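In our numbering, the protein residues as written are 267 to 712. Only one structure is covered here, and it is reproduced in the block below.
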Amino acid sequence: MRMYDLIEKKKLGNTLSQEEIDWMIAGYTDGTIPDYQMSAFLMAVCFQGMNTQEITAMTLAMAHSGEMADLSAIHGVKVDKHSTGGVGDKTTLIAAPMVAACGVPMAKMSGRGLGFTGGTVDKLESIPGYRTALPREEFFRIVNEIGISLIGQSGELAVADKKIYALRDVTATVDSLPLIASSIMSKKIAAGADAILLDVKTGSGAFMKTQQDATALAKTMVDIGEQAGRKTVALITNMDVPLGDTAGNAIEVQEAIHTLMGKGPQDLTELCVHLAGNMLFLAGKGKIEECLELAQKSITEGTAYQKFYQMVERQGGDVSYLEDPSKFPTAPEYAVLAQEDGFIVSMQTEEIGAVAAMLGAGREKKEDTIDPAAGIRFLKKTGDSVCKGEPIAILYTHCPHVVQDASERYQTAVTLSQQKQAPIPLILARVTADNISTTTMEERKL
Ligand code: URA
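What follows is the structure, encoded as structure tokens:
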């Protein structure tokens, strides 16, 4: 086989066989296929696409290019969750303990943030002492004993994806549906769970800017998961506005703790109930309505908070920060003021994520360090009325020289109008192997 012929085949819009895809991924992983040939292939995929069989073959080849995590030492059905990323998305910190509190083990490996999106591991590391790197045996032991452990992803999973993703990043080949779907699902399949819940974001703060594109991505990923023998469901959720009231690291952990205590913002609580409820459904805990109720109860009865507390304690974190979240470090505060009277009708959420990164809360390159105390508190969001001169957000940063630019960039990202607009629902659709449904009002109200 020659890589030249496979590039030519894809360039002409033809279909690659599973054997060809396996050969290509193995060759790129071991270095016999050079970056320039893989780049040409990836660009051909951007223009010609891939059919379902090709995407599944590419996903499985990438999944098997590294370690395939074996979670069989953990008792019960293991469910994993993946979010396609957004601003203010701290849902894993809340939904995972909710699920564990309902008796379903959560053995979750998460990533760090890059670009405008945050990462669960960075957030957890703002709890002093919390260990995100655990030996495999200890990880399994903690899950078997208390039902939950959240740790960082091992570098050995889906190594081909790691190499290919780095190449896509510098060759303008990130935004291709088959490449995104196979990249995400290769890591999820290698991570070893029996069932997978996907939170596919859509809107100005998401990879997929339209609901139609997000649904197509979700359907492709659900099909791949099912073909790989994993029960898979996707929710399409709104990222046209930041999630919850904060973006950053320590500030998001504080908000997650408040939410686990039943005092969180309405949008964040609602999404976590749906994510946890769907994970319970995937674990066979009952009908979806029953599972949503179980999830809600874990907040109102305080069992989810207790699970989070137990996990932080077991992983070496200082639980006094949970008992008194005001202990988390803060940075000097700067208010962003409304420039006129009106209603907020849109927030360019990716831009707002970029503002958080400017303040020190995110990284542009993998090697960058983050400031756990940096971030944004949203005082007003889409749909709210504001008066000229009123604070709409608080910026927290140890870099005073960026404040003027950050503040102006934030103001530009927020559009005011004299007319209030109808709110966009938070949960837009639910995608299963055989159905795409918009969420009912009853489910939304829970
Ligand atoms: N996240 C991933 O892991 N891969 C992509 O291609 C895009 C988002």
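For every residue, glycine included, the Cβ atom is placed at its ideal position computed from N, Cα and C. Just so you know, these numbers come straight off a predicted model, no measurement behind them.
Just to check my reading of the structure: residue i and residue j have Cβ atoms closer than 8 Å, yes? What is that Cβ distance to the nearest angstrom?
i	j	result
Thr358	Lys347	6 Å
Glu559	Leu692	Glu559 to Leu692, Cβ: 18 Å. No contact.
Met613	Pro444	Not a contact, Cβ separation roughly 30 Å.
Val697	Ala500	4 Å
Ala627	Pro595	Contact doesn't hold; Cβ gap of about 12 Å is too wide.
Leu694	Cys665	About 36 Å; that fails the 8 Å criterion.
Ile446	Met304	No, Ile446 and Met304 are not in contact; Cβ-Cβ is about 16 Å, not under 8 Å.
Pro591	Gln520	4 Å
Taking just the CA atoms, how far does residue j sit from residue i?
i	j	result
Ala597	Lys647	22 Å
Lys389	Lys593	15 Å
Ile702	Met324	25 Å
Cys259	Tyr575	Any question about residue 259 goes unanswered here, given that the chain covers just 267 to 712.
Ala399	Leu337	17 Å
Ala679	Arg643	15 Å
Glu709	Gly608	The predicted model places Glu709 with a pLDDT of 49, which falls under 50 and marks its position as unreliable; any figure quoted below should be read in that light. Cα to Cα, Glu709 sits roughly 32 Å from Gly608.
Glu579	Val311	47 Å
Ile523	Leu278	53 Å
Thr386	His341	24 Å
Leu534	Gly510	5 Å
Phe313	Lys475	19 Å
Asp301	Glu599	45 Å
Ala292	Glu333	14 Å
Ala457	Arg434	22 Å
Lys573	Ile414	8 Å
Ala480	Lys467	7 Å
Ser673	Met364	36 Å
Ala472	Gly354	12 Å
Lys711	Ile417	Here the model assigns Lys711 a pLDDT of 47, short of 50, so the residue's position is not dependable and the matter cannot be decided.
Phe406	Gly649	45 Å
Arg629	Arg378	10 Å
Glu633	Thr663	20 Å
Thr318	Thr486	7 Å
Met267	Glu555	52 Å
Counting C-beta neighbours from all protein chains within 10 Å, is the total for residue i 16 or more, i.e. buried, or is it exposed?
i	result
Ser376	buried
Ala362	buried
Ala623	buried
Gln562	buried
Ala699	exposed
Asn280	exposed
Asn504	buried
Asp465	buried
His540	buried
Pro401	exposed
Tyr270	exposed
Lys356	buried
Asp441	exposed
Glu320	buried
Lys631	exposed
Ala366	buried
Lys428	buried
Thr214	The structure shown has nothing for residue 214, since the chain only spans 267 to 712.
Thr498	buried
Ala327	buried
Out of the options, which one is the CA nearest neighbour of residue i?
i	options	result
Val621	Phe609, Val668 and His664	Val668
Ile658	Ile393, Ala688 and Ala604	Ala604
Gln677	Ala601, Lys467 and Pro689	Ala601
Ala373	Met545, Gln684, Ala640 and Gly619	Met545
Val436	Glu286, Gly628 and Ala306	Ala306
Gly568	Leu272, Lys467, Thr350 and Cys368	Cys368
Glu286	Tyr294, Leu272, Asp296 and Gln687	Leu272
Val370	Glu656, Thr681 and Gly543	Gly543
Gly655	Leu645, Glu606, Ile636 and Gly619	Glu606
Glu404	Gln532, Lys276 and Gln581	Gln581
Ile660	Gly619, Asp634 and Gly641	Gly641
Ser331	Thr635, Tyr294, Ser349 and Ala570	Tyr294
Met309	Glu274, Asp296, Thr318 and Arg675	Glu274
Thr525	Lys497, Glu633, Gly418 and Ile565	Ile565
Ser651	Gln670, Thr681 and Thr663	Thr681
Lys529	Asp637, Val488 and Tyr571	Tyr571
Ser420	Gly469, Ala335 and Glu556	Ala335
Gly315	Leu326, Tyr662 and Leu282	Leu282
Ala516	Ser392, Gly469, Met577 and Gln532	Ser392
Arg397	Leu483, Met577 and Thr704	Met577
Glu589	Gly351, Ile360, Met527 and Ser449	Met527
Ile610	Ala327, Ser683, Asp637 and Leu645	Ser683
Is there a Cβ from chain D that is less than 8 Å from the Cβ of residue i?
i	result
Glu536	You won't find chain D in this structure, because it holds only one protein chain.
Is the region 488-496 touching the region 603-620, taking contact as three or more C-beta pairs under 8 Å? no
When you compare the region 403-413 with the region 452-467, are there three or more beta-carbon pairs, one atom per stretch, that lie closer than 8 Å? No, the region 403-413 does not touch the region 452-467.
Contact between the region 537-552 and the region 458-474: three or more CB pairs below 8 Å? yes
Three CB pairs or more closer than 8 Å across the region 578-591 and the region 421-428: no
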